[in-house]
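Enquirer: To convert, take the position in the sequence shown, counting from 1, and add 284; that gives the working numbering. One structure, as structure tokens, below. Some questions next.
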Amino acid sequence: MILVDLFLTPSDRLLQPLWDYVRFNHFALVSSPFFPVLLAFSGYFSFSIPFTLMDLLGEEVPFFHRYKIQKERRPTVQMMMRSFGRAMYNHVVFVIPAVLLNNYFMPMPPLPALAPTVLELLSGFLGAMLLFDTQYFIWHMVHHKNRQLYKWVHAIHHDYVAPFSWSTQHLSPIELMTVGFWSNLDPIMLQCHPLTTWFTTVVSIWMSVEDHIGYDLPWALNHLVPFGLYGGAPAHDIHHQKPNSNFAPFFSHWDRIFGTGTNIDRINL
Numbered sequence: 285m286i287l288v289d290l291f292l293t294p295s296d297r298l299l300q301p302l303w304d305y306v307r308f309n310h311f312a313l314v315s316s317p318f319f320p321v322l323l324a325f326s327g328y329f330s331f332s333i334p335f336t337l338m339d340l341l342g343e344e345v346p347f348f349h350r351y352k353i354q355k356e357r358r359p360t361v362q363m364m365m366r367s368f369g370r371a372m373y374n375h376v377v378f379v380i381p382a383v384l385l386n387n388y389f390m391p392m393p394p395l396p397a398l399a400p401t402v403l404e405l406l407s408g409f410l411g412a413m414l415l416f417d418t419q420y421f422i423w424h425m426v427h428h429k430n431r432q433l434y435k436w437v438h439a440i441h442h443d444y445v446a447p448f449s450w451s452t453q454h455l456s457p458i459e460l461m462t463v464g465f466w467s468n469l470d471p472i473m474l475q476c477h478p479l480t481t482w483f484t485t486v487v488s489i490w491m492s493v494e495d496h497i498g499y500d501l502p503w504a505l506n507h508l509v510p511f512g513l514y515g516g517a518p519a520h521d522i523h524h525q526k527p528n529s530n531f532a533p534f535f536s537h538w539d540r541i542f543g544t545g546t547n548i549d550r551i552n553l
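Here is the structure:
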């Protein structure tokens with residue numbers, strides 16, 4: 285411990301007060317095997333609400349409506365409730381039992397005393413996101429190329445040609461469990477700190493919801509990340525209209541390499 289401290293600069297310890305606060309004040313919560321599920325689902329719920337208001341108000345708020353990609357298609361309350369209900373059903377019937385089973389065979393390790401450095405957190409986050417992006421790109425493309433896999437596993441996510449925030453988790457149980465498996469396994473393989481894992485969970489849920497909002501907002505990530513390296517809502521919206529394009533969940537490099545990327549300018553909306 286002393287040797288570690290000698291090689292750490294004050295800037296490396298920026299996250300230690302936060303980590304100490306979390307460990308000492310919310311230990312029962314963050315050490316629970318259900319905490320990652322709670323974090324992901326509450327993120328999905330919270331992040332979807334602002335975009336729900338935008339969808340329901342529609343043309344009444346032209347400042348936002350002008351950025352809607354498919355203006356002629358507007359989600360209804362029934363569509364939103366159907367997607368949210370499916371997400372709830374999948375979590376209660378499949379995710380919670382899977383967490384209990386996993387915790388029985390692989391109990392969670394104790395929380396470390398030291399926080400990650402800022403560099404460790406950011407590098408772990410980027411590594412986990414790039415790894416997941418690769419895994420899902422392959423899985424996604426295979427399921428679109430195979431009729432049976434598409435029909436029985438992935439087709440339900442394409443119930444809506446125009447995605448909206450709640451449709452982020454409009455998934456079959458198999459797809460949800462697959463995504464959850466990678467999301468939990470990747471930080472373990474990369475030996476990420478729990479704080480890095482939780483940070484990755486929250487940001488990735490935000491990115492997933494933002495992918496499905498159906499709005500090309502000028503302050504969205506696809507406009508902030510340079511060189512068109514991030515697809516965002518425009519890319520995924522096109523995927524729902526032209527399902528054999530834009531397979532990557534977040535970044536654009538794999539679609540560029542495999543020639544499956546479609547630019548929003550090349551489609552009639």
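A virtual CB, placed ideally from N, CA and C, is assigned to each residue, including glycine. These numbers come from a predicted model, not from an experiment.
#1: Looking only at its own chain, which residues have a Cβ that is under 7 Å from the Cβ of A566, when we skip the five neighbours before and after it?
#2: Measuring only the C-alpha atoms, how far is S316 from W450?
#3: The alpha helix (DSSP H) with N506 in it runs from where to where?
#4: Excluding the 5 residues flanking L313 on each side, which residues of the same chain have their C-beta closer than 7 Å to its C-beta?
#5: Taking Q475 as part of the alpha helix (DSSP H), name the residues at either end of that continuous run.
#6: Using a Cβ-Cβ cut-off of 6 Å (strictly less than) and excluding sequence neighbours within five positions of F534, which residues of its own chain qualify?
#7: Can you check whether the C-beta of P346 is within less than 9 Å of a C-beta belonging to chain B?
#8: By how many angstroms is the C-alpha of G327 removed from the C-alpha of R350?
#9: Measuring CB to CB, does F421 end up less than 9 Å from P359?
#10: Quick check on K429: does DSSP put it in helix, strand or coil?
#11: Please give me, in chain order, every unbroken run of the alpha helix (DSSP H) with length at least 4 that falls completely inside the stretch 486 to 531.
#12: Buried or exposed: which applies to F335, given that a residue is buried once 16 or more other Cβ atoms fall within 10 Å of its Cβ?
#13: Considering only residues of the same chain and omitting the five flanking positions on each side of E494, which have a CB-CB separation below 7 Å?
#14: Which residue from D443, A382, V509, H524 puts its Cα closest to that of H554?
#15: Distance, Cα to Cα, R297 vs K429?
#16: CA-CA distance, L384 and H427?
#17: Quick test of the definition: if touching needs 3 or more C-beta pairs under 8 Å, does the stretch 341 to 357 touch the stretch 429 to 443?
#18: Put F465 into one of helix, strand or coil per three-state DSSP.
#19: Considering G327, what are the terminal residues of the alpha helix (DSSP H) in which it resides?
#20: Between the C-alpha atoms of I522 and H375, what's the straight-line distance to the nearest angstrom?
#21: Run through DSSP, which three-state label would F291 get?
#22: The alpha helix (DSSP H) spanning P301 covers which residue range?
#23: Among the candidates M363, L406, N387, whose CA atom is the shortest distance from the CA of T481?
#24: Could you tell me the boundaries of the alpha helix (DSSP H) in which P447 lies?
#25: Mark V361 as exposed unless 16 or more other C-beta atoms lie within 10 angstroms of its C-beta, in which case mark it buried.
#26: Please confirm whether G512 and S529 have their CB atoms less than 9 Å apart.
#27: Helix or strand or just coil, what does DSSP make of F535?
#28: Considering only residues of the same chain and omitting the five flanking positions on each side of L302, which have a CB-CB separation below 8 Å?
Expert: So, from the listed chains and residues:
#1: Missing from the structure shown is residue 566; the chain here goes from 285 to 553 and no further.
#2: 26 Å
#3: 505 to 508
#4: F319
#5: Careful: Q475 lies outside any alpha helix (DSSP H) and carries neither H nor E.
#6: D417, M491
#7: Here chain B cannot be found, since the structure has a single protein chain.
#8: 26 Å
#9: no
#10: helix
#11: 505 to 508, 516 to 525
#12: buried
#13: A504, L505, G516, A517
#14: Since the first and last residues shown for the chain are 285 and 553, residue 554 lies out of range.
#15: 48 Å
#16: 29 Å
#17: no
#18: helix
#19: 319 to 341
#20: 28 Å
#21: With a pLDDT of 46 at F291, under the threshold of 50, the modelled position of this residue cannot be trusted; read the value that follows with caution. Looking at F291 - three-state DSSP - the assignment turns out to be coil, as it is neither helix nor strand.
#22: 300 to 309
#23: L406
#24: Taken as a continuous stretch (DSSP letters only), P447 belongs to no alpha helix (DSSP H), as it is neither H nor E.
#25: exposed
#26: no
#27: strand
#28: A399, L479
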